[in-house]
Amino acid sequence: MDRATTIPDAMDPALTVRRFRHSPALDGLRAVAIGIVFLGHAGLGRVLIPGGFGVTIFFFLSGYLITSLLRVEQASTGQVSLKGFYLRRVLRIVPPLWISIALFGIGSAAGLVPSALDPIAIFLQMFFGINYAEPFGHADGVPGMPLWSLAVEEHYYLLFPAVFIFLAHKMSIKKMALVFGLSCLVALALRMVHVFVYGDTYYTYYFSHTRFDSILFGAVLALWQNPALEKRAWTPKAWQYYGALILLALTIIPRNEAFRETIRYTLQGALLFVFFSGVLSRRDTIVRVLESAPFQIIGRYSYTIYLSHYFFIKMLHNLHPELGKLGSAVLAAGLTLAYSAAMYKFVEQPAGALRRKLNPAEAPPVSKLAT
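So the sequence shown is residues 1 to 371, counted in UniProt numbering.
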């Protein structure tokens, strides 16, 4: 399976007229997502938007982008290289992750953010197992690194490319989208078992098998009615586009835990399908804001912001409690941006160049979109 796997050319006729080009609006959505997560960890989420909604946006965005890239690869080369996919993934994810774990681990040991620094938990942080560690008493790794969501993504991508290749040999793109759409109901069923059979409304938020549908909804958009790839893709009307945005906001309001940890993620996935379709196919004020320079910069740095922001927030809460939530948030934002800019320049950009050097055939111009 490490070899390039050939896929029949006829499976994806929709791509004969379109190439997947970089969309600045999607970088802007990255900025929105990480901003929501930041506010949640700063303790301001209950006043504005819960941080978990930002994670759901990230999941959808990741599923959409990665699946679109796989679709372009098979359409342009007639094959999908698993070796190339995983090599790109490692070079994209691991260098900033391991450097941040090392630096923040040293900072924690020095007392910046007190922690037991459980070696098993740190190992699980490094190798994407931390979201299943807490039930076994190993959740106290390097503090201020919410790596459970990265673990969900990596578990998903351990399986998804092979599933994509297998199904691509068996059915059309449209049928594959239907299979993935129905598979989203499996995650909903698993959440319902957790909540209504076992009374668990906590781990449903963190476990890969209960959250994978948030990524898979994005994959469905990549395969069906994809505005970036299909000339005749569906464009939501204004009332559908803005209605989806309003309904997304309304899903945040209910406080019932059974709703929040079961059907809410399914509703958000379906509504994000509509909203993303609009962002990718319309030119309006929302899109222009997403494409503005501040959103582009934050979107570009979003991965390292995700890795680092909570550590700086916790550090300031520990060292300077007199700053309060708002003061700590402002100062942490500055520290996070400085750290992220340095990581982008000295680690992420060189790693990206290495990805293209090692895999020139699997590094099309759109590769900068990979999350």
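Where a beta carbon is used, it is the ideal one built from N, C-alpha and C, also for glycine. These numbers were taken from a predicted model, which means no experiment stands behind them.
Query raised in the report: Counting Cβ pairs closer than 8 Å, one from the region 284–304 and one from the region 22–31, do we hit at least three?
Result: yes
Query raised in the report: Where GLU118 and PHE128 are concerned, what is the direct C-alpha to C-alpha distance, given to the nearest angstrom?
Result: Residue identity differs from the one stated: residue 118 is Asp in this sequence, not Glu. Rounded to the nearest angstrom, the two C-alpha atoms are 15 Å apart.
**Report entry** Whole-angstrom C-beta distance between PHE217 and VAL152, which should lie under 8 Å
**Finding:** Not confirmed; about 14 Å, so no contact.
Query raised in the report: Between the C-alpha atoms of GLY111 and LEU147, what's the straight-line distance to the nearest angstrom?
Result: 21 Å
Query raised in the report: By a C-beta neighbour count over all protein chains shown, 10 Å radius and 16 as the cutoff for buried, is THR204 buried or exposed?
Result: buried
**Report entry** For SER292, the residue or residues it bridges with in DSSP
**Finding:** Paired residues: none, contrary to the question.
Query raised in the report: How would you write the range of the alpha helix (DSSP H) that VAL163 sits in, first residue to last?
Result: 148–170
Requested in this report: With distances taken Cα to Cα, identify the nearest neighbour of ARG88 among LEU103, ILE99, LEU70.
Outcome: LEU70
Query raised in the report: Nearest to TRP224 by CA position, among LEU167, ALA249, LYS175, is which residue?
Result: LYS175
Query raised in the report: GLU261 to ASP140, Cα distance in whole Å?
Result: 24 Å
Report task. Give the range of the alpha helix (DSSP H) segment to which VAL274 is assigned. Result -> 263–281
Report task. Starting from SER100, trace the beta strand (DSSP E) both ways and give me its first and last residue. Result -> No beta strand (DSSP E) contains SER100, which is instead part of the alpha helix (DSSP H) from 82–109.
Requested in this report: Determine the direct distance from the alpha carbon of ILE263 to that of ASN256, and round the result to whole angstroms.
Outcome: 11 Å
Requested in this report: Count the other C-beta atoms from every protein chain shown that fall within 10 angstroms of the C-beta of LYS314, then say buried if there are 16 or more, exposed otherwise.
Outcome: buried
Query raised in the report: How close, in whole Å, do the beta carbons of ALA31 and PHE295 come, if the pair is a contact with beta carbons under 8 Å?
Result: 4 Å
Query raised in the report: Looking at C-beta atoms only, is the number of pairs between the region 237–246 and the region 295–311 that lie closer than 8 Å three or more?
Result: no
**Report entry** Residue closest to THR210, alpha-carbon to alpha-carbon, out of ARG283, TYR265, THR235
**Finding:** TYR265
**Report entry** ARG232 versus LEU272: straight-line alpha-carbon distance, rounded
**Finding:** 20 Å
Query raised in the report: Distance, Cα to Cα, ALA133 vs VAL274?
Result: 35 Å
Query raised in the report: What is the DSSP secondary structure of GLN240, reduced to helix, strand or coil?
Result: helix
Query - Helix, strand or coil at GLN349 according to DSSP, with G and I counted as helix - result: helix
Report task. Report yes if the CB atom of PHE60 is closer than 8 Å to the CB atom of PHE276, and no otherwise. Result -> yes
Requested in this report: State the CB to CB distance for the pair SER208 and ASN318, rounded to an integer number of angstroms; the pair is presumed to be in contact (CB under 8 Å).
Outcome: The Cβ separation is near 31 Å, so there is no contact.
**Report entry** When CYS184, VAL220, SER214, GLY199 are compared against SER172, the one with the closest alpha-carbon
**Finding:** VAL220
Query raised in the report: Where THR235 and GLY334 are concerned, what is the direct C-alpha to C-alpha distance, given to the nearest angstrom?
Result: 38 Å
Query raised in the report: Applying the criterion that 16 or more other CB atoms from any shown protein chain within 10 Å of the CB defines a buried residue, is PRO161 buried or exposed?
Result: buried
Query - Residues near LYS325 in its chain [Cβ-Cβ closer than 7 Å; skip 5 each side] - result: ALA42, GLY43, LEU44
Requested in this report: Return the chain-ordered list of same chain residues with a C-beta closer than 8 Å to the C-beta of SER328, the five sequence neighbours on each side being excluded.
Outcome: ALA42, ILE313, LEU316, HIS317, HIS320
Requested in this report: Could you spell out where the alpha helix (DSSP H) holding ASN318 opens and where it closes?
Outcome: 302–319
Query raised in the report: Would a C-beta distance cut-off of 8 Å place residue 378 and ILE305 closer than the cut-off?
Result: Since the displayed the chain opens at 1 and closes at 371, residue 378 lies outside it and no answer follows.
Query - Option nearest LEU158 by Cα separation, candidates HIS309, TYR86, GLY352 - result: TYR86
Query raised in the report: Where does ASP2 land, buried or exposed, given buried means 16+ other C-beta within 10 angstroms?
Result: For ASP2, the predicted model reports a pLDDT of 40, less than 50, meaning its position is unreliable; a value from the coordinates is still stated below. ASP2 is exposed by the Cβ-count criterion.
**Report entry** Residue range of the alpha helix (DSSP H) that includes GLN125
**Finding:** 119–126
Report task. Can you tell me the Cβ-Cβ gap for GLY51 and GLY40, rounded? I've got them flagged as a contact below 8 Å. Result -> 2 Å
Query raised in the report: On the premise that ILE101 lies in contact with GLN125, defined as a C-beta separation below 8 Å, what is that separation, rounded to the nearest angstrom?
Result: 6 Å
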